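What follows is a set of notes on a single structure, which appears directly below.
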Amino acid sequence: MQADLLLPLFSRKPRRYQAIYYILTGKRTVSNLLAGLTYDLLPYFHFYPKLLQADYQAALQQLMSQQYLKVQSETKTIRLTALGQLAQVQLLQRQIWPQTYDYWRDGDWQLQWERLLLSVQVISNYQHQQRHYAPLATQPLVQAEIRQWFYRSGRRQQHQFVKDLIATVTGLPKDLADLLANSLRSNAYAGTSDFQLGLDLNLTADELSLKRIAALSQFMHDITFLPQQSPLRQVFPAAPSPLSRGAEHTYALWQADQPWSTIVQNSYQKEGTLLEHLLEAAILVPDFNFESLPLQQLIAVNPESYFAQRLSEIQAQRRKND
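As structure tokens, this is what we get:
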């Protein structure tokens, strides 16, 4: 990967570089999520799910050789140097880094991009009575979703879909609108190759990918202003719960005011795992109630416990971020 594109993930203050790798690849643990909260990197969870550890380490080594990063081996942390901070500012000024992207709001950008590509392709080919073509989406999940969407509403509301698509794309900042429009494919328009787009915009392949995510993120934000029944809006599923399946189940029982002892007794999981579920909720649920009486009673059982200490850290960090 292009090493300098990692610079926005670091700061002048030391950060655990391995935790950042786990955030980018979507490894969900309380420790990693808390690091994401502390570093203000939670929006970039699962951002590079296929990033190999070897490639990440090689990129860090390159940035260190350029004197952009300085490593602290004892604490396994890395911080930006003054030169690295300057390079970071210059990169951000180029507006290729997706600063508005939020995994928890926008969803998996790779799946969302395939949904957009395939929905445009399906409607275009339907309007041109073309029935045989290779789908642009490779994910079976996306293919199944768009097939259902097409027969449920896309076919019937095809003209509204095109109208909403044009209005949303043209409403983006010009550079993002041009990039998105030229990246789409239809029966009548083959689009522009990534190679040509890179040449036209003076961007490397990795930079082009990032800028496209920035455009997609803004697009995803703007379609939320369309009516709920808009066929374009219906292409993209509502954001799921941010919690893992286990944490969602435990938190639902907690929200239903079940006594903690009952939750523990009825679960096949250890109490420590259930407490981790509450910590996950404390990090990811926007309206998590840190002051609730049951939670205070749970803390009072052992104020020095791992759970109590972590919860205090999470609450303090969320207050700071707000």
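As numbered in the UniProt record's numbering, residues 1 to 322 make up the sequence shown, in order.
We treat Cβ as the ideally placed atom computed from N, Cα and C, and that holds for glycine.
Computed from a predicted structure; not experimentally measured.
- Bridge-paired residues (DSSP) for V71: Position 71 of the sequence shown, counted from the start, is the residue given in the question as residue 71. Its beta-bridge partners are I78.
- Task: Would you be able to state if there are at least three C-beta pairs under 8 Å between the segment 245 to 261 and the segment 130 to 141?
- Result: Judged by pairs of C-beta atoms under 8 Å, the segment 130 to 141 does not touch the segment 245 to 261, as fewer than three such pairs exist.
- Query: Looking at C-alpha atoms only, which residue of L51, V301, Q157 and S183 is the closest neighbour of V193?
  - Reply: Taking the first residue of the sequence shown as position 1, residue 193 is located at position 193. Contrary to the premise, residue 193 reads as Ser rather than Val in this sequence. Measuring from the Cα of S193, the nearest candidate turns out to be S183.
- Per DSSP, R16 forms a beta bridge with which residues? As a first step, residue 16 is located in the sequence shown; it is residue number 16 there, counting from the start. Paired residues: T77.
- Query: What are the boundary residues of the alpha helix (DSSP H) that R131 is part of?
  - Reply: Mapped onto the sequence shown, residue 131 falls at position 131. Note, R131: premise wrong, no alpha helix (DSSP H); not H, not E.
- Item | Where T168 falls, given that 16 or more other Cβ within 10 Å makes a residue buried | Residue numbering aside, residue 168 sits at position 168 when the sequence shown is read from its first letter. Per the 10 Å Cβ criterion, buried.
- Item | Euclidean distance between Cα positions of L176 and T81 | As a working note, residue 176 is residue 176 in the sequence shown. As a working note, residue 81 is residue 81 in the sequence shown. L176 and T81: Cα-Cα distance of roughly 31 Å.
- Message: On the DSSP letters alone, give me the boundaries of the alpha helix (DSSP H) that H221 sits inside.
- Response: Your numbering for residue 221 matches position 221 in the sequence shown. Per DSSP, H221 belongs to the alpha helix (DSSP H) from A205 to I223.
- Item | Collapsed DSSP secondary structure at V235 in the structure displayed | Start at 1 with the first residue of the sequence shown, and residue 235 comes out as number 235. Here V235 sits in helix by DSSP.
- Task: In the DSSP assignment, find the unbroken alpha helix (DSSP H) run with K163 in it and report its ends.
- Result: Against the sequence shown, residue 163 aligns to sequence position 163. Here the alpha helix (DSSP H) through K163 covers Q158 to T170.
- Message: Quick check: L24 and F47, are their CB atoms within less than 8 Å of each other?
- Response: Sequence index remark: in the sequence shown, residue 24 carries index 24 (1-based). Sequence index remark: in the sequence shown, residue 47 carries index 47 (1-based). Yes, the pair counts as a contact, with Cβ atoms nearer than the cut-off.
- Message: If I follow the unbroken alpha helix (DSSP H) through K27, where does it start and stop?
- Response: For this step, residue 27 is matched to residue 27 along the sequence shown. Premise fails: K27 is in no alpha helix (DSSP H) and is neither H nor E.
- L232: which of A281, I123, W97 and Y22 sits nearest, CA to CA? Looking up residue 232 in the sequence shown gives position 232. Relative to the Cα of L232, the nearest Cα in the group A281, I123, W97 and Y22 belongs to I123.
- Query: From G107 to A239, what distance separates their C-alpha atoms?
  - Reply: As a first step, residue 107 is located in the sequence shown; it is residue number 107 there, counting from the start. As a first step, residue 239 is located in the sequence shown; it is residue number 239 there, counting from the start. Approximately 6 Å, taken between the alpha carbons.
- If you draw a straight line from the alpha carbon of residue 323 to that of K13, how long is it in whole angstroms? Outside the displayed span of the chain (1 to 322) sits residue 323, for which this structure offers no information.
- Message: Short of 6 Å in beta carbon distance, which residues of its chain neighbour S230, apart from the five on each side in sequence? Order them along the chain.
- Response: The residue given as residue 230 occupies position 230 in the sequence shown. Hits under 6 Å: D164.
- Message: Tell me whether the segment 272 to 281 and the segment 18 to 33 touch, counting them as touching only if at least three CB pairs, one residue from each stretch, are closer than 8 Å.
- Response: yes
- Query: Could you give the residue range of the alpha helix (DSSP H) that holds F195?
  - Reply: As a working note, residue 195 is residue 195 in the sequence shown. First-last of the alpha helix (DSSP H) with F195: D194 to L201.
- Task: Can you tell me the Cβ-Cβ gap for I68 and L83, rounded? I've got them flagged as a contact below 8 Å.
- Result: Translated into the one-based positions of the sequence shown, residue 68 becomes position 68. Translated into the one-based positions of the sequence shown, residue 83 becomes position 83. The question names Ile, but residue 68 is Tyr in the sequence shown. With a Cβ gap of about 6 Å, Y68 and L83 count as contacting.
- How about the segment 147 to 155 and the segment 111 to 130: do they share at least three Cβ pairs that are nearer than 8 Å? In short, these stretches touch, since the Cβ pair count reaches three.
- Message: Rounding to the nearest angstrom, what Cα-Cα distance links Q112 and P286 in this structure?
- Response: Within the sequence shown, residue 112 is the residue found at index 112, counting from 1. Within the sequence shown, residue 286 is the residue found at index 286, counting from 1. Taking the straight line joining both Cα atoms gives about 23 Å.
- What's the C-alpha gap between N266 and S244? Indexing the sequence shown from 1 puts residue 266 at position 266. Indexing the sequence shown from 1 puts residue 244 at position 244. Cα to Cα, the separation comes out at about 19 Å.
- Quick one: measure Cβ to Cβ for L208 and L197, integer angstroms, because I've assumed they're closer than 8 Å. Looking up residue 208 in the sequence shown gives position 208. Looking up residue 197 in the sequence shown gives position 197. The pair is a contact, with the Cβ atoms about 6 Å apart (cut-off 8 Å).
- Just checking my contact of M220 with F195 at CB under 8 Å: how many whole Å lie between their CB atoms? Translated into positions along the sequence shown, residue 220 becomes position 220. Translated into positions along the sequence shown, residue 195 becomes position 195. The Cβ separation is near 26 Å, so there is no contact.
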